[in-house]
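The numbering used here puts the first residue of the sequence shown at 8, with every later residue one more than the last.
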Amino acid sequence: MSQYQEKTIVIIEPGSYQTKAGIADHSNPLTVRLPSLVGLRKPPTNGPAARFTDLSQPTPQQQSQSDPSSPTQQQQDQPSSGSDPAQPPEPPKSYIFGNDLQNALASASESLHLIRVIENGTVKDWEALRSLWKHILQHHLHCPRAPGRPPRGAGPPRARGREPGGGLCRHRGPGGRCI
8 MSQYQEKTIV IIEPGSYQTK AGIADHSNPL TVRLPSLVGL RKPPTNGPAA RFTDLSQPTP
68 QQQSQSDPSS PTQQQQDQPS SGSDPAQPPE PPKSYIFGND LQNALASASE SLHLIRVIEN
128 GTVKDWEALR SLWKHILQHH LHCPRAPGRP PRGAGPPRAR GREPGGGLCR HRGPGGRCI
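This is the structure we're talking about:
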């Protein structure tokens, strides 16, 4: 019986608008609600018009890649001969969430990409969603991860029913929206 009391059960409910999380076994449950919007810091650009970029919208390059007859798609499908040693490695991504994101947007001091991690029940950016969950667990629920033990359930959901790839909702209404 004591082995069950030592474990903490955390419930995370991701949504298109907000992500809710809490600890399941408390007399006074601690609940966190954060927007499902993540800011990705990017290097400063020279133009003031490019301050914020909404990554949930396809870029012209992504649109041309969706056309299989386009030359850019064919070039990217070819295997590369290796990484370019002259190009420096990509720095780790720096995400901001919640109040820090709201303050950065209000102060206009940083150049950010805005990422909606979930749209209509579908995860758009797993890396950003994982970072959001990690932020919630460590900074809001104060649940440090045990060394050498991976988090459980921090991956894509299993497929449900006939829908390929599953999704984060069980029931879909008219137009394919989550109910």
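Think of the CB as a built atom: it goes at the ideal place given N, C-alpha and C, for glycine as much as any other residue.
In the displayed model, H146 falls within a helix according to three-state DSSP.
From the listed residues A115, S114, N127 and G46, the smallest Cα separation to S101 is found for G46.
For G105, the enclosing alpha helix (DSSP H) stretches over residues G105 to S114. Bridge partners of V124 according to DSSP: none are assigned.
Distances from the CA of G105 to each of P99, E126 and L121 were compared; the closest alpha carbon is that of L121. Here DSSP, grouped into helix, strand and coil, assigns K141 to helix.
In the DSSP assignment, I30 is bridged to V17.
The alpha-carbon separation between H149 and L139 amounts to approximately 14 Å.
Counting every other CB atom within 10 Å of its CB across the protein chains shown gives H142 a total of 16 or more, marking it as buried. At a Cβ-Cβ threshold of 9 Å, A31 and L144 do not count as neighbours. For V130, same chain residues with a beta-carbon under 6 Å away, outside a window of 5 residues either side, are L136 in chain order. Following the DSSP letters along the chain, one finds G46 inside the beta strand (DSSP E) bounded by residues L44 to R48.
Of the candidates E134, S23, I18 and K49, S23 places its Cα closest to the Cα of N127.
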